[in-house]
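Worksheet: the structure to be examined is printed underneath.
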Amino acid sequence: MTQLHHAASLKVFDADGRAVRFGKLWEDKRTIVCFIRHFLCPMCQDYMRVVAKEAIKENLDKARVNLVIIGCGSPAMIKSYLAMHKLDYPIYTDPTLELYHALGMTLESTDAGSVPPPGHGHYVQHGVASGTIAVIGRAIRHGMPLLADGGKIGQLGGELIVGPGLRCGFAHRMSTTAGHTPVRHLLIRAGVQTGPFLRDTKETIREWMPRRREEEELTRRVDEETRRAAAQRWF
């Protein structure tokens, strides 16, 4: 818990460059914290599209759960990043990487590992070349300051579920550039309702049922992992 206590005292910065104590973001509520790579990472941008679709703010509010995204580039990137992905959640940044390192996210890599081809269920929907082109196009359309510091290219992120207070219910450090925890996994761990009513979806109940069975299996696995991890706290 000393590691988490130290991390809670560190500063992150909002879109206007104002410093905020990291622990302030989750001292009153259970909070999902997603640490992304650099702001121009095409794989993290694919992940953000899934976050925007599946982490519906109304469902999080009902469960009294917050969601926060933290990057590692300039605060000048935040406003356009929010607009680009139509995110309902606050974004902060840790340009010094002090918080990343305090939480053990010290690994640097440009290896995506073994990623299924686009369209086969994984959140990554672009190859490196097409993803980079798509990112540049979105950045230009949304006025992202491309000359600003997007963050360290090799830095990997991870996910936490923390709060209220100095509690950590889940933690994961990425080992590859495409290694984010599935969004529904995080929602289930945090006690947030998931279901067929996803933003901007037109799927029918018949189309949703196979995914619901997959979700039930995921819930079972999450419960098993939680029990196994109970005696091996991350902090």
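Numbering follows my numbering, with no gaps: position 191 of the sequence shown is 191. Cβ atoms here follow ideal geometry from the backbone N, Cα and C, with glycine treated the same way. Computed from a predicted structure; not experimentally measured.
Selected residue, minimal CA-CA separation from residue i, among the options
i: I70; options: V12, T132 and D88; result: V12
i: G104; options: Y81, A190 and Q155; result: Q155
i: L186; options: A19, K62, N66 and H6; result: N66
i: I161; options: T31, S114 and S175; result: T31
i: Y123; options: T96, E54 and D94; result: E54
i: R184; options: V50, H6, L99 and G23; result: V50
i: V33; options: T194, G191 and G163; result: G163
i: T177; options: L40, G169 and D88; result: L40
i: K57; options: I36, I78 and Y89; result: Y89
i: G131; options: A8, P42, L10 and G158; result: P42
i: M84; options: G169, A139, S109 and F35; result: A139
i: L87; options: A52, R167, A8 and G169; result: A52
i: A112; options: V192, E159 and I153; result: I153
i: S175; options: L97, G165, S114 and G73; result: S114
i: L97; options: I78, G73, I188 and H6; result: G73
i: T2; options: I133, R167 and R189; result: R167
i: L82; options: T110, Q125 and R141; result: R141
Helix, strand or coil at residue i [DSSP, three-state]
i: K79; result: helix
i: A19; result: strand
i: C44; result: helix
i: H316; result: In the structure displayed, the chain extends from 1 to 235; residue 316 sits before or after that span and is not available.
i: E159; result: strand
i: I188; result: helix
i: H38; result: coil
i: R30; result: strand
i: R237; result: There is simply no residue 237 to check, as the chain begins at 1 and stops at 235 in what is shown.
i: L60; result: helix
i: L166; result: coil
i: L198; result: Confidence at L198 is low in this model, with a pLDDT of 47, below 50, so its placement is unreliable and the value that follows should be read with caution. Correct three-state label for L198: coil.
i: A55; result: coil
i: L10; result: coil
Anticipated Cβ contact below 8 Å, residue i with residue j, distance rounded
i: L107; j: R173; result: 7 Å
i: P95; j: D14; result: Contact doesn't hold; Cβ gap of about 12 Å is too wide.
i: G151; j: R21; result: Actually they do not touch by this definition, with Cβ atoms about 21 Å apart.
i: H180; j: Y92; result: That pair is no contact at about 17 Å.
i: L4; j: L99; result: With 8 Å as the limit, L4 and L99 do not qualify as a contact, their Cβ atoms being about 11 Å apart.
i: G23; j: S80; result: Not a contact, Cβ separation roughly 27 Å.
i: G158; j: F35; result: 5 Å
i: M294; j: P182; result: Since the first residue shown for the chain is 1 and the last is 235, residue 294 is missing from the structure and cannot be characterised.
i: A148; j: A7; result: Actually they do not touch by this definition, with Cβ atoms about 25 Å apart.
i: V192; j: Q45; result: Rounded, the Cβ-Cβ distance is 22 Å, inconsistent with contact.
beta-carbon residue i near the ligand ZN non-hydrogen atom, thresh 7 Å
i: G179; result: The ligand content of the structure shown is nil, which means the ligand ZN is not present either.
Which full runs of the alpha helix (DSSP H) of 4+ residues lie inside the region 82 to 153, going along the chain? 98 to 102 and 128 to 141
Are at least three pairs of beta-carbons, each pair with one atom in the region 24 to 31 and one in the region 53 to 62, less than 8 Å apart? no
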